[in-house]
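Remarks on the structure that follows.
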Amino acid sequence: MHRDVERVLYTEEALKERITELGKRMTADYQGKNPVFIGVLKGSFMFMADLMRTIDLPCEVEFMAVSSYGNKSETTGAVRITQDLDMDIENRHAIIVEDILDSGLTLNYLINYLNGSKPASIEICTLLDKPERRRAQVNPKYTGFTIPDAFVVGYGLDFAQRYRNLPYIGILKPEVYQ
Ligand code: PRP
Numbered sequence: 001m002h003r004d005v006e007r008v009l010y011t012e013e014a015l016k017e018r019i020t021e022l023g024k025r026m027t028a029d030y031q032g033k034n035p036v037f038i039g040v041l042k043g044s045f046m047f048m049a050d051l052m053r054t055i056d057l058p059c060e061v062e063f064m065a066v067s068s069y070g071n072k073s074e075t076t077g078a079v080r081i082t083q084d085l086d087m088d089i090e091n092r093h094a095i096i097v098e099d100i101l102d103s104g105l106t107l108n109y110l111i112n113y114l115n116g117s118k119p120a121s122i123e124i125c126t127l128l129d130k131p132e133r134r135r136a137q138v139n140p141k142y143t144g145f146t147i148p149d150a151f152v153v154g155y156g157l158d159f160a161q162r163y164r165n166l167p168y169i170g171i172l173k174p175e176v177y178q
């Protein structure tokens with residue numbers, strides 16, 4: 001375990017098992033639909049890569065990048081799109097793939113923005129959900145794990161751009177971010 005991690009919340013094996021379940025559900029739900037999976041960078045890169053291996057459907061993969069936190073642990077509420085979609089999602093079934101849903105401000109903004117392109121449907125798949133922190137109403141159709149309000153890192157999630165490469169999700173030691 002990394003020395004800055006207090007404890008492991010989800011091991012590689014636990015993540016793999018849960019992501020396989022999500023992939024099976026999505027594969028069943030989107031039969032005949034050719035959905036577009038939209039990963040939100042940077043945090044979702046590892047989840048997206050593993051989730052897509054479990055999806056048995058004709059589908060497309062896209063990425064967007066947004067920025068809201070900078071190096072702070074509290075959101076400012078300001079969301080900025082730094083990389084937009086390469087394709088038109090009009091009349092397409094879109095699934096936004098996120099690593100974590102916290103205040104909901106990022107996804108609330110993104111859903112409104114993407115709805116402007118008139119997709120046939122738009123759903124959210126988030127690996128982690130912290131409902132205690134919600135400030136904007138967002139209802140993910142697919143959630144990996146509902147977690148308490150702890151500072152989690154690894155498996156794509158960062159603190160000040162670090163720890164994204166850890167293969168598990170862990171709780172960061174408070175002395176690291178205080
Ligand atoms: C994280 C995460 C979501 C957002 C969720 O991204 O990937 O996009 O915060 O928080 P919210 O529900 O409070 O809006 P972050 O801004 O840390 O960027 P990153 O994906 O590049 O790590």
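Heads up: the sequence shown at position 63 corresponds to 63 in this note's numbering, and the numbers run straight through without jumps. Using N, Cα and C, we set each Cβ at its ideal position, and we do this for glycine too. Keep in mind the model is a prediction, meaning the values are calculated, not measured.
Please state the DSSP three-state secondary structure of residue i.
| i | result |
| --- | --- |
| Ala94 | strand |
| Asp149 | coil |
| Met52 | helix |
| Arg18 | helix |
| Val79 | coil |
| Arg134 | coil |
| Met64 | strand |
| Gly23 | helix |
| Asp102 | coil |
Counting along the chain, where does the beta strand (DSSP E) carrying residue i start and finish?
| i | result |
| --- | --- |
| Leu128 | Ser121 to Asp129 |
| Tyr10 | Val5 to Tyr10 |
| Ile38 | Val36 to Leu41 |
CB-CB under 8 Å to residue i, same chain, minus the five flanking residues each way: which ones, in chain order?
| i | result |
| --- | --- |
| Lys72 | Annotation note: pLDDT 47 at Lys72 (below 50); position unreliable, no value reported. |
I'd like to know whether the C-beta atoms of residue i and residue j end up nearer to each other than 8 Å.
| i | j | result |
| --- | --- | --- |
| Lys168 | Tyr155 | One detail in the question is off: residue 168 reads as Tyr in this sequence, not Lys. Cβ atoms of Tyr168 and Tyr155: closer than 8 Å. |
| Gly43 | Leu172 | no |
Note the first and the last residue of the continuous alpha helix (DSSP H) segment covering residue i.
| i | result |
| --- | --- |
| Leu267 | This structure cannot settle anything about residue 267, because the visible part of the chain is limited to 1 through 178. |
| Pro174 | Pro174 to Tyr177 |
What does a CB cutoff of less than 6 Å around residue i pick up in its chain, not counting 5 residues either side in sequence?
| i | result |
| --- | --- |
| Glu6 | Ile171 and Lys173 |
| Tyr109 | Val79 |
Can you list, in chain order, the residues of its chain whose CB lies under 7 Å from that of residue i, leaving out five sequence neighbours each side?
| i | result |
| --- | --- |
| Asp149 | Lys130, Glu132 and Arg133 |
Practice item. Could you say if the segment 14-34 and the segment 55-63 meet the contact criterion of at least three C-beta pairs nearer than 8 Å? Key: yes
Practice item. Determine, using beta-carbon pairs with one atom in the segment 125-134 and one in the segment 79-94, whether at least three such pairs fall under 8 Å. Key: no
Check your understanding: Taking one C-beta from the segment 85-92 and one from the segment 47-54 each time, how about it: are there three or more such pairs within less than 8 Å?
Key -> no
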